[in-house]
Amino acid sequence: MEIPEQIKKKLTLPAEEHFYAGHTACQGCGAALGLRYVLKAYGRKTIFAIPACCSTIIAGAWPYNTLGANLFQTAFETTGAVLGGIEAALKARGIKVKGEDGVMIVGWAGDGGTADIGLQALSGFLERGHDALYIMYDNEAYMNTGIQRSSSTPYGAWTTNTPGGKRHFLEKRHKKKVIDIVIAHEIPYAATASVAYPEDFIRKLKTAQKTPGPSFIQLFAPCPTGWRSPTDKSIEIARLAVQTAYFPLFEYKEGKYRINMPNPKKEPKPIEEFLKLQGRFKYMTKEDIQVLQEWVLREWEKLKKLAEVFG
Amino acid sequence: MEYKPIRKVVSGNYAAAYAALHARVQVVAAYPITPQTSIIEKIAEFIANGEADIQYVPVESEHSAMAACIGASAAGARAFTATSAQGLALMHEMLHWASGARLPIVMVDVNRAMAPPWSVWDDQTDSLAQRDTGWMQFYAENNQEVYDGVLMAFKVAETVNLPAMVVESAFILSHTYDVVEMIPQELVDEFLPPRKPLYDLADFEREPFSVGSLATPADYYEFRYKIQKAMEEAKKVIKEVGREFGERFGRDYSQMIETYRTDDADFVFMGMGSLMGTVKEAVDILRQEGYKVGAAKVRWFRPFPKEELYELAKNVDGIAVLDRNYSFGMEGILFTEAKGALYNTDAKPLMKNYIVGLGGRDFTVNDVRKIAENMKAVIEKGELDVEVDWYHLKR
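Printed below as a string of structure tokens:
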């Protein structure tokens, strides 16, 4: 449907849709929203590399493709390597990559495929300096295989292989800070983003498009199925993740940190507000919540310090 | 342009590197492993000297080497890599991906024994363990065949849209220098024109498309069948390309099994790769000693040349299959394949399996003579002593 010009002008997001109806994501899926925004930012001249993950399913079984872009679905641990290969081919063929008129090569992988099995290929991709964007959509567990913990699963979360039970067998480690590992590679651009803040996400996608070299975005993408949360609460949960500083929004560009919180002066809300909407945290004791709260605030202070010193 | 070969004294690995250069590969993604390293070093040198315009991706593992080649090939480029043994084993998953996505990547595998115990020497188990990945496999006898093999492999691969492996022996070829007749670039270009990809990720004119997506039980089966059809097509293409190569450059590769003095042979030695050079030498000597023997060198292991094997087997009393590899719990891999291929035919030569040269154990003309003596006795008796003979075993 054509959107009238006067309405288009008022929109804060690109009006174009390249993510087709009829995709097979669950209701309230953060990853599906994320893909939609990526396509809004980049359009048809995008090549996706997607490993084994929910997005394999979201994009559809053969011969369907819900993404209005060319898509190569690859093995779980290979996103970074495949991106490098695609970029090398385009360069060998003299095809322009990145920039306003170039091809965007986008890796789109979950936290398991990035923080765990794909970490080596991600590291190789980052250190070799390929002109492509790697997006880790973070739903904090292996959702496609049925909600098993990944190294991006937070402290205290229930998953099917950290089920709680009588012996309190919940996730006992804090979320791996993939973005810090990425930044340690001293790439030109890295950022966190959230599906609750699409304008910020799209601005970051545009920055990645303009910045030569490898870029990385860690996108917070709720999973109602795995988080045991109401399907209409995904955005609210994603917003609370930012407001509680559990998942702060920031950018790292050429050595400088910049925090992009919606209300920069506000103190973070208590972590309970983020936890209480999700069934996956219902087994946490008061002490567990305290442990997580302390971790969140400690990391938040660290980030503020980084922005202060290297801002 | 008249063909005048350029003669260079090169190692098997340099022969592979020159072939990749002359094939105008566009992307090379590779990881170092002994004894493959000098292939990728030489290619880096070509780039450094301005002799080649290649995108070189020095990846962090062989798994990523193959993944990067897959990305490159899916995005329309001619992609090349090389590996060996443990590295090939690490790539295994992605070999399936390359054939399943119908990408004509060419790789040189330097045959090396698998660890433990560590060994860097020749043994075919690494490549033969990749038998079921949907890759074509060409086994080179000498450095010339490494060079020719890479050029032909690209042509065959890009015709049938399947990846191909060119296999050479660790050290026996990879690090041994020999004269190789190379082909002037313009003539290679005529033989091997630029690649026309089956699909191209950088094609934005067509409807958006997806490769490698999920196929339900309603469709997966047909995808597999099409790979098999491509393998069958490859047999024809291999013979045509081999004949064309012979017409253009004087070395004919139209036989998937190269037969040597087999016409009136009582029995033949069958095997693959560099050990067949030794065997051919031994055949000449044995012939002078009164043995009516020949050699059958299996050049292409995949697709497997069943029909050519049948023609050979019809006319001999015995086949001594020499396997520089082993499938534990069974027997030498070529032996299984050859026996299996002949089972439903009326060709029933006596077949015996000799396990030779594992982990780089020397295999000489004298060894072939001993095998000939044993094989002759077996045939005269009309029955096998043992089916699988661990020939070198220290008893």
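Protein chains in written order, with my numbering: chain A, -8 to 302; chain B, 306 to 700. All C-beta atoms, glycine included, are put in the ideal place defined by N, C-alpha and C. Please read these numbers as outputs of a predicted model, since none were measured by experiment.
Original post:
Are residue 359 of chain B and residue 315 of chain B close, meaning C-beta to C-beta below 8 Å?
Top reply: no
**OP:** Counting only the same chain and skipping the five closest in sequence on each side, list residues whose C-beta sits under 6 Å from that of residue 243 of chain A.
**Re:** 174 and 181
Original post:
Going along chain B, which residues have a C-beta under 9 Å from residue 68 of chain A?
Top reply: 368, 369, 372 and 398
**OP:** Express the C-alpha separation of residue 500 of chain B and residue 196 of chain A in angstroms, rounding to a whole number.
**Re:** 34 Å
Original post:
Is the stretch 248 to 258 of chain A close to the stretch 232 to 240 of chain A, with three or more CB pairs under 8 Å?
Top reply: yes
Original post:
Given that residue 135 of chain A touches chain B, what residues does it touch there, using C-beta distances under 9 Å?
Top reply: Chain B residues near residue 135 of chain A: none, gap ~11 Å exceeds 9 Å.
Original post:
Does residue 276 of chain A come within less than 8 Å of chain B when only Cβ atoms are used?
Top reply: no
**OP:** Leaving out five residues on either side along the sequence, give the residues of the same chain with a beta carbon under 6 Å from the beta carbon of residue 217 of chain A.
**Re:** 132, 134 and 138
Original post:
Should residue 96 of chain A be labelled buried (16 or more other beta-carbon atoms within 10 Å of its own) or exposed?
Top reply: buried
**OP:** Find the residues of chain A that neighbour residue 402 of chain B, judging by a C-beta separation of less than 9 Å, and give them in chain order.
**Re:** 65, 66 and 69
Original post:
DSSP beta-bridge partners for residue 1 of chain A?
Top reply: In DSSP, residue 1 of chain A forms no bridge with anything.
Subject >> residue 521 of chain B at chain A interface by Cβ criterion, 8 Å >> reply: yes
Subject >> Residue nearest to residue 291 of chain A in terms of C-alpha spacing, selected from A/5, A/214, A/168 and A/215 >> reply: A/168
Original post:
Run through DSSP, which three-state label would residue 569 of chain B get?
Top reply: coil
Original post:
Alpha carbon to alpha carbon, what distance is there between residue 539 of chain B and residue 441 of chain B?
Top reply: 9 Å
Subject >> Residues within the stretch 168 to 182 of chain A neighbouring chain B, beta-carbon criterion of under 8 Å >> reply: none
Original post:
For residue 95 of chain A, which residues does DSSP report across the bridge?
Top reply: A/37
Subject >> Where residue 471 of chain B sits in the DSSP three-state scheme >> reply: strand
Original post:
Looking at the structure shown, is residue 195 of chain A part of a helix, part of a strand, or coil, going by DSSP?
Top reply: helix
Original post:
Roughly how many angstroms lie between the CA atoms of residue 313 of chain B and residue 365 of chain B, to the nearest whole one?
Top reply: 32 Å
**OP:** Thinking residue 622 of chain B and residue 572 of chain B are a contact (beta carbons under 8 Å), I'd like their distance in whole angstroms, please.
**Re:** 6 Å
Subject >> From B/320, B/460, B/367 and B/437, residue whose alpha carbon lies closest to that of residue 348 of chain B >> reply: B/320
Original post:
Do you know offhand how far residue 220 of chain A's Cα is from residue 268 of chain A's?
Top reply: 6 Å
Original post:
Using a Cβ-Cβ distance under 8 Å, would residue 94 of chain A count as near chain B?
Top reply: yes
Original post:
Under three-state DSSP, which class holds residue 76 of chain A?
Top reply: helix
Subject >> Contacting residues, own chain, Cβ-Cβ under 7 Å from residue 302 of chain A (five flanking each side not counted) >> reply: 247, 248 and 249
Original post:
Does the pairing of the stretch 103 to 115 of chain A with the stretch 510 to 528 of chain B give three or more beta-carbon distances under 8 Å?
Top reply: no
Subject >> Inter-residue spacing [alpha-carbon to alpha-carbon] between residue 335 of chain B and residue 377 of chain B >> reply: 13 Å
**OP:** Would you list the one or two residues that DSSP bridges to residue 316 of chain B?
**Re:** B/482
Original post:
Going by the CB atoms, is the gap between residue 67 of chain A and residue 379 of chain B shorter than 8 Å?
Top reply: no
Original post:
Using a Cβ-Cβ cut-off of 6 Å (strictly less than) and excluding sequence neighbours within five positions of residue 395 of chain B, which residues of its own chain qualify?
Top reply: 367 and 368
Subject >> Proximal residues, the stretch 486 to 518 of chain B versus chain A, C-beta separation under 8 Å >> reply: 506, 507, 508, 509, 513, 514, 515, 516, 517 and 518
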